[in-house]
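S.K.: As given, the protein sequences belong to chains A, B and C, one line each in that order. Each number in the working numbering corresponds to the 1-based position in the first sequence with 6 added. Each number in the working numbering corresponds to the 1-based position in the second sequence with 1100 added. Each number in the working numbering corresponds to the 1-based position in the third sequence with 127 added. Attaching a single structure in structure tokens format; questions to follow.
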Amino acid sequence: MVKVENISKKYGKVQALNNITFNVDKGEIFGLIGPDGSGKTTLFRILTTLLIADSGIAKVDGYDVVKDYREIRKIIGYMPGRFSLYQDLTVKENLEVFASIFNTSIEENYYLIKDIYSQIEPYKNRYAGALSGGMKQKLALSCALIHKPVLLFLDEPTTGVDPVSRKELWGMLKKLKEDGISIIVSTAYMDEAGLCDRVALMSKGYCLSVDTPKNIIQKYDKILWSVSSNNMSKLLKDLKIHSEIESCFAFGDTHHITLKNRITFNELHNYLMKLGHNEIEIKTISPGIEDCFMDLALKGADDASN
Amino acid sequence: MGQFFVFIKKEFYHIFRDRWTMIILLILPVIMLTLFGFAITTEVKNTKLGVFDPSKDIATRSIIQRLQANEYFILKKFISNPDRIEDEFQRGEVGLIIVFPEKFYENLLHTGEGQIQLITDGSDPNNAITLTNYATNIVASYQQELNKTAVIPYQIVPEIKLLYNPRLKGAYNFVPGIMGMILMLICAMMTSVAIAREKEKGTMELLLVSPMKPLVVILSKVVPYFFVSIINLATILLLSVYVLEVPVTGSLFWLIIISLIYIFLSLALGILISSLVNSQVVALLISGAVLMMPVLLLSGMIFPVESMPYLLQLLSNAVPARWFIMAIKKLMIKGLDVTSIYKELIILGSMAFFFIVVSLKTFKNRL
Amino acid sequence: MQVIEAENLTKRFGKFTAVDSISFDVKEGEIFGFLGANGAGKTTAMRMLCGLIKPTSGQGIVAGYDIKKQSENVKANIGYMSQRFSIYEDLKVWENLRLFAGIYGIPNRKINDRIDELLKRLGFESEKDTLVKSLPLGWKQKLAFLVAIVHEPKVVFLDEPTGGVDPASRRQFWELIYEATDRGITVFVTTHYMEEAEYCNRVSIMVDGRIEAMDSPRNLKNKFEAESMDEVFHKLARKSTRTGD
């Protein structure tokens, strides 16, 4: 569906994208996962024909993003990061405008957006600017779908959105996938990686890894422990100064540590006891995507500096 | 075609739903025109009259009497030395001086023609034109009375001399000036701001990532402002003719034609600005600084081009509003026909062509 | 000592009750997580506490001052950091700190020491003369936090401070928060990252303008028989009937 080969892009001195290569298959939800500034939006703009890369090739459904941009613009749907609809038009008017852009009508592809649009239809005469965050998002998605695109680009659709609306959106994406639409979605929330079929982890313009979330986790080669005690902020400091601990980060109600050399639970337990910790709990755990990302980002930084 | 109309409709929604846009577009021209208009139509009463009358005959006495009998003038003094005329003005002793030649009545009888001179302070042009108009009318009424009994018609020709601002800049100038300004404001500024707004809000991104041709997007943005400009053109003309009583003495047809050329030119400038900038504020600043300031300062609307330093005169040649205002003045106030504005037509036409080409060339299909 | 005391705090906009009689206390040095779905009334509540808008009814004391009658004193004794970091991109790091130190009335002779101390604490000394816009996002965010506490406020309000920041920077940011609380600064924070809620001493969850639950993350998880705060949140937010902001 999408083929990206050695794409690079520079803004002035800043290397926004560095030799990015991946493929997206038909009918999959592909996630670009990375923090702000990792190059997700730039990559989106290149794929949606809004920007031209400095080097490399990118193809969308067989069309070249530079040469055949007109063809691509006909078959893709795009939802930019910001809420980019007309705030001073009503819900219905917005949808009409976007339908007309693609020379279609609301009725023609209504079946596709029905599930989503029916939730906001009661407010169709409200100005888009007066909608709540979740409803704006549904409207934006309806507008991006109105012409029945074969490929949908969603740039950070869940940023600043509460967990409930986020879950809802992912539910909608699953459904669209069943309707045969391929989806490329970017997000800064690592925990959403698990909802994608495959992901590309991105950091500072580099692609750290492209794989299924499961495989990325399987490839994690470090020993990961979770540690907790009655004084979590002191625990963090104490763990950080331990010479055998490579990294230590707070994760929810525990801290995750990786080890340089094998030490035993008991050794660590005793070390912490001596420092006055109580209710110490140490467990071996399997990593999440976030652990993998931090590990890969660290390695990536090492590679870049070498 | 369908999408084009939907887009034009959308653009009108944007205009109608923003109170400030509406005010700027439709009310501002009216306010500007009436403000300027009523600022100049002040009644002139009890102006001090000075008289230089070496002939002192029956005709000069009647004319002086008629002037004096009128509420507009009060006879202040007789001046004996014509060299002191300018002095009188400088001391603010008089507002208007009427100068008769020697043997006025005798000449009038023999030659059928009498010369008089009306001198006033041209630095206040609005006032000056009112005063000389009143005085001329009064003199004309005397001439009419003379001719009732005369076999050969007598003619008294007042020569009007304006001190300090001999070309009488300012009066009536404001109508063409405001036309030049309003049309530029609406076409260039509002269009560029409207396009920049789409860029700022991110909707332009969506429009670009669609099969819609960017040119169509831009044209659909331009059309509503074109209509609004036409409405404004009509408002300005109607207001100036019926409220301010500045008539269109020349060809209305050509006046509209040249206005249309100017509108196209301004729209092209608006598009050009919008393709250079990404935010509304910058669009506003650029159109304010690069378009409005020259219209105000270099077009001859406020300061006569002739009295500018040479460099600024050269610069003013590049200001479209200058040529537009010149043409409108000729057509509207001087009552000349199309042959007199060929030069302006050609200059504005080629400027319009140039800017349309440049704005289309710089227009980007991508971000 | 209580740094924030809210009693039946209510804000109505026309017929719409954005914040519906909320009451809570925040202790000195506490990290208080203020959670809720979009449109639940978090921002309005936070603005009332910062003295930016007047409550329709109810009482609020922040940093010892009445939010209705002494909003200027409230503002002088709190720090605020929004998602759009309120620092000047075209100024250097130390210039930003200097500027805000000046705004909050820190005496001139103390400013330099104070700035040096803050830069040191952040490990920022080498970046002192860097323009803010050329800093990575995670650093900007840390700088924004320093700016918010440059005047050692009693309480600092953080409105979704970590959106979009990479995982490592986000955690470093929380270390900074811990450190601030160690020095007695109270932290009032909103976030959409439910695992960040776990870092708080106590959290409250707002649904439709009311506080539906308030306790330590551990107790909340026990009470709602949930594995994580995310689950707690979903169980509560499901009750929402609100459709618009």
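No residue lacks a Cβ here, since even glycine has one placed at the ideal position from N, Cα and C.
On a CA-only basis, which of Leu1196/B, Gly1192/B, Gln1217/B is nearest Glu1202/B? Give me that one, please.
M.R.: Closest option to Glu1202/B, Cα to Cα, is Gln1217/B.
S.K.: How far does the alpha helix (DSSP H) with Met141/A in it reach, from first residue to last?
M.R.: 139-151 is the extent of the alpha helix (DSSP H) around Met141/A.
S.K.: Provide the residue span of the alpha helix (DSSP H) that contains Met341/C, from first to last.
M.R.: Careful: Met341/C lies outside any alpha helix (DSSP H), inside the beta strand (DSSP E) at 337-342.
S.K.: Which same chain residues, not among the five before or five after Glu216/C, have their C-beta less than 8 Å away from its C-beta?
M.R.: These residues qualify, in order along the chain: Leu258, Val259, Lys260.
S.K.: By how many angstroms is the C-alpha of Thr55/A removed from the C-alpha of Lys195/C?
M.R.: So the alpha carbons of these two residues sit roughly 53 Å apart.
S.K.: Skipping 5 residues on each side, what residues in its chain have a beta carbon closer than 7 Å to that of Pro155/A?
M.R.: Correct list, in chain order: Ile81, Ile82, Gly83, Ile187.
S.K.: For the beta strand (DSSP E) containing Ser192/A, name the first residue and the last one.
M.R.: Run containing Ser192/A: 188-193, per the beta strand (DSSP E) assignment.
S.K.: According to the Cβ coordinates, are Met333/C and Phe284/C closer than 9 Å?
M.R.: In this structure, Phe284/C does not lie closer than 9 Å to Met333/C by Cβ.
S.K.: Using a cut-off of 8 Å between C-beta atoms, extract the partners of Glu102/A located in chain B.
M.R.: Going along chain B in sequence order, the residues near Glu102/A (Cβ under 8 Å) are Val1106.
S.K.: In chain C, what lies closer than 7 Å to Val170/A by C-beta?
M.R.: Per Cβ cutoff of 7 Å: Ala164, His361, Ala364.
S.K.: To the nearest angstrom, how far is it from the Cα of Asp1183/B to the Cα of Ile1164/B?
M.R.: Distance between the alpha carbons of Asp1183/B and Ile1164/B is about 21 Å.
S.K.: Can we say the segment 132-147 of chain C touches the segment 298-312 of chain C, given the rule of at least three CB pairs closer than 8 Å?
M.R.: Cβ pair count under 8 Å is below three, so no.
S.K.: Tell me the DSSP secondary structure of Cys202/A in three-state form.
M.R.: Coil at Cys202/A, not helix or strand.
S.K.: Whose Cβ in chain A lies nearer than 7 Å to the Cβ of Glu216/C?
M.R.: Per Cβ cutoff of 7 Å: no residues; Glu216/C is ~14 Å from chain A at best.
S.K.: At the level of alpha carbons, what is the spacing between Leu136/C and Ala190/C?
M.R.: Near 16 Å, if we compare the C-alpha coordinates of Ala190/C and Leu136/C.
S.K.: Under the rule that 16 or more other beta-carbon atoms within 10 Å means buried, what is Ala1240/B, buried or exposed?
M.R.: It counts as exposed.
S.K.: How many angstroms separate the CA atom of Pro1266/B from the CA atom of Gln1215/B?
M.R.: Residue placement at Pro1266/B is flagged as unreliable, the pLDDT there being 45, under the threshold of 50; the coordinate-derived value follows with that caveat. Going from the Cα of Pro1266/B to the Cα of Gln1215/B covers about 19 Å.
S.K.: Can you list the residues of chain A that Gln1103/B reaches, using a CB-CB cut of under 8 Å?
M.R.: Those within 8 Å of Gln1103/B in chain A are Ser106, Ile107, Asn109.
S.K.: Check each candidate in Phe1327/B, Pro1311/B, Ser1379/B, Ile1158/B and name the one with the smallest Cα separation from Leu1208/B.
M.R.: Of the candidates Phe1327/B, Pro1311/B, Ser1379/B, Ile1158/B, the one whose C-alpha sits nearest the C-alpha of Leu1208/B is Ile1158/B.
S.K.: Can the beta-carbon of Glu296/A be found closer than 9 Å to that of Met208/A?
M.R.: Going by C-beta atoms, Glu296/A is not nearer than 9 Å to Met208/A.
S.K.: Could you tell me whether the Cβ of Pro293/A comes closer than 9 Å to any Cβ of chain C?
M.R.: No, Pro293/A does not count as interfacial toward chain C.
S.K.: What three-state label does DSSP hand Cys213/A in the structure shown?
M.R.: The answer is strand: DSSP assigns Cys213/A an E or B state.
S.K.: For the pair the segment 1124-1139 of chain B and the segment 119-134 of chain A, tell me if three or more CB-CB distances fall below 8 Å.
M.R.: No, they do not touch.
S.K.: Given this structure, state the Cα-to-Cα distance separating Asn239/C from Val277/C, to the nearest angstrom.
M.R.: For Asn239/C and Val277/C, the distance between alpha carbons rounds to 12 Å.
S.K.: So, is the C-beta of Phe89/A closer than 9 Å to a C-beta in chain B?
M.R.: Taking Cβ atoms only, chain B reaches closer than 9 Å to Phe89/A, which makes this a yes.
S.K.: Kindly indicate if chain C contains any beta-carbon less than 9 Å away from that of Val191/A.
M.R.: No, its Cβ sits nowhere closer than 9 Å to a Cβ of chain C.
S.K.: Could you check whether the Cβ of Leu1333/B sits closer than 9 Å to any Cβ belonging to chain A?
M.R.: Not an interface residue.
S.K.: With a cut-off of 9 Å, does the C-beta of Tyr129/A fall near any C-beta of chain B?
M.R.: Answer no: the Cβ-Cβ gap between Tyr129/A and chain B never drops below 9 Å.
S.K.: Please go through the same chain and pick out, in chain order, the residues whose beta-carbon is closer than 6 Å to the beta-carbon of Lys142/A, but skip the five residues on each side of it.
M.R.: Hits under 6 Å: Phe89.
S.K.: Buried or exposed: which applies to Val8/A, given that a residue is buried once 16 or more other Cβ atoms fall within 10 Å of its Cβ?
M.R.: By the neighbour-count rule (16 or more Cβ atoms within 10 Å), Val8/A is buried.
S.K.: Would you say Arg329/C and Ile149/C are within 9 Å of each other, going by their C-beta atoms?
M.R.: No; because the gap between Cβ atoms is not below 9 Å, this pair is not in contact.
S.K.: If you drop the 5 nearest sequence neighbours on each side, which residues of the same chain put their C-beta closer than 8 Å to that of Asp372/C?
M.R.: Note that Asp372/C scores 43 on pLDDT, short of 50, meaning its location in the model is unreliable and no value can be drawn from it.
S.K.: With DSSP as the reference, identify every bridge partner of Gln1217/B, one or two as the case may be.
M.R.: Looking at the DSSP assignment, Gln1217/B forms a beta bridge with Val1199/B, Glu1259/B.
S.K.: Could you tell me whether the segment 1309-1317 of chain B touches the segment 107-123 of chain A, where touching means 3 or more Cβ pairs closer than 8 Å?
M.R.: Contact between the segment 1309-1317 of chain B and the segment 107-123 of chain A is present, because at least three Cβ pairs lie under 8 Å.
S.K.: Determine whether the beta carbon atoms of Ala199/A and Pro219/A lie at a separation below 9 Å.
M.R.: Yes. Within cutoff.
S.K.: Give the interface partners of Glu296/A over in chain C, defined as CB-CB distance under 7 Å, in chain order.
M.R.: What Glu296/A touches in chain C: Pro294.
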